Ligand SMILES: Nc1nc2c(c(=O)[nH]1)N[C@H]1C(S)=C(S)[C@@H](COP(=O)(O)O)O[C@H]1N2
Ligand SMILES: [Mo]
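In my numbering, the protein residues as written are 15 to 424.
Here it is, written out as structure tokens:
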């Protein structure tokens, strides 16, 4: 770009970008890497939105202006579906951070071209770049903050991250359409245009472009090693050094991840003792069941994951009563949905609505025991919901009531 005669300040800044690494080749390689991987982050993110059950008001906001996601009932099979989509979304999102930063670094001098507005087309392009760069940085920042302090956000995180996603997706599509031809011809070694990313007066070379790529790839690999242990779980959890929730949740049958303890949720021991009763409604009558009554019903065991929106997950063996059996007991043998509430009085996760297929699945349980022992207080004693492929946030702990509904409205 023959950007001459800008104000001295702008010229000085632009000349300060002297790395001989910059050039269309490096930017194209990084762009191609993101072109292949970012769609996976986008698609898994949108799938997670659908998994939350927007129909029940559990994903925010339902629609972004005229854009309508094709909503469908989130399946219960395979049971690890949400573990996969959410793990990929969070994991890949983190792993791609070095690539995104490197890509931004590689095009930095373009911020200082002069004159800043040469034509309508150029102004439009720069505006779309603002949305592109602002969009991805916003998504990374809100995503990382949510993982670290999920509960500080409340639902505003979802709204912000979701709106930000649409801004980014739009800008991303426009950017790909504009730049793909350049990437293709550059990587085929047929430079179509003069390379406007090469420094005018490059500094001395300190490393090759391939070494720079290896460095960026190494950064991503390191992040992958430090991150994916939280999704894969088991011994690999110990390698998940970036996991903010602690890597050692204790031993024994209840020795697995706890985000929100009974104490944090304000659950009093007196409420979960022998006075506790589960209230079932829906069929025009109210059915009360204490824990011995539930334990006297047919028990079913299933090995199922809990997968949190934060990206961690853990696989455990749960035993309890089938939700379908409880529905029949309540007089709604074929419910359209079920609304579950917790003993917890406040908090965002004290209730959840389940779809018909999520109640009907043979492995959908009101769990009373885990790994052969009673649930611990922190894991939801006296009873918690566990449903295949259900986002962790809807696996309500310390269940108090279940209302089985014939309709599907929240
Ligand atoms: N009552 C209640 N149930 C709850 C929660 C909660 O805060 N309160 N947290 C949910 C979330 S976000 C997840 S991921 C799972 C597992 O969380 P845990 O690690 O706190 O058990 O439980 C869910 N059930
Ligand atoms: Mo969660």
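From the three backbone atoms N, C-alpha and C, an ideal C-beta is built for every residue, glycine too. Since this is a predicted model, take the numbers as computed values, not measurements.
7 angstroms Cβ cutoff met for residue i and residue j
i	j	result
residue 378	residue 369	no
residue 308	residue 335	yes
residue 391	residue 413	no
residue 44	residue 117	yes
residue 100	residue 160	no
residue 237	residue 109	yes
residue 226	residue 48	no
residue 211	residue 185	no
residue 426	residue 97	Residue 426 lies beyond the stretch modelled for the chain, which goes from 15 to 424, so this question has no answer here.
residue 188	residue 234	no
residue 286	residue 42	no
residue 330	residue 385	yes
residue 366	residue 354	yes
residue 172	residue 86	no
Buried or exposed by the 16-neighbour rule on C-beta atoms within 10 Å, applied to residue i
i	result
residue 268	buried
residue 72	buried
residue 351	buried
residue 214	exposed
residue 270	buried
residue 405	buried
residue 325	buried
residue 88	buried
residue 344	buried
residue 356	buried
residue 327	buried
residue 92	exposed
residue 198	exposed
residue 114	buried
residue 275	exposed
residue 294	buried
residue 303	buried
residue 144	exposed
residue 383	buried
residue 296	buried
residue 166	Its pLDDT being 49, under 50, residue 166 is placed unreliably in this model, and the coordinates cannot settle the point.
residue 389	buried
Straight-line Cα distance separating residue j from residue i
i	j	result
residue 95	residue 67	15 angstroms
residue 216	residue 195	26 angstroms
residue 342	residue 417	12 angstroms
residue 20	residue 27	11 angstroms
residue 58	residue 323	12 angstroms
residue 140	residue 52	21 angstroms
residue 149	residue 315	44 angstroms
residue 154	residue 242	17 angstroms
residue 407	residue 245	16 angstroms
residue 250	residue 29	47 angstroms
residue 299	residue 183	49 angstroms
residue 410	residue 362	11 angstroms
residue 181	residue 174	11 angstroms
residue 280	residue 400	21 angstroms
residue 136	residue 224	31 angstroms
residue 126	residue 132	13 angstroms
Cross-strand partners of residue i (DSSP beta bridge)
i	result
residue 366	354
residue 418	352
residue 301	294
residue 327	321
residue 334	314 and 381
residue 170	DSSP, once it has assigned bridges, lists no residue as partnering residue 170.
residue 400	379
residue 388	383
residue 405	321
residue 413	356
Pick from the options that is closest to residue i, judged by C-alpha positions
i	options	result
residue 394	364, 30, 294 and 148	364
residue 69	59, 82, 58 and 57	82
residue 306	134, 290, 65 and 318	290
residue 277	39, 52, 420 and 360	360
residue 312	86, 143, 128 and 381	381
residue 220	23, 332, 411 and 32	32
residue 254	105, 375, 384 and 229	105
residue 123	415, 175 and 24	24
residue 119	179, 37, 158 and 107	37
residue 421	409, 142, 348 and 310	348
residue 179	193, 128 and 107	107
residue 39	419, 230, 203 and 130	203
residue 177	301, 80, 333 and 332	80
Short CB-CB distance (under 7 angstroms) between residue i and chain D
i	result
residue 230	Checking the listed chains, one finds no chain D in this structure; it contains a single protein chain.
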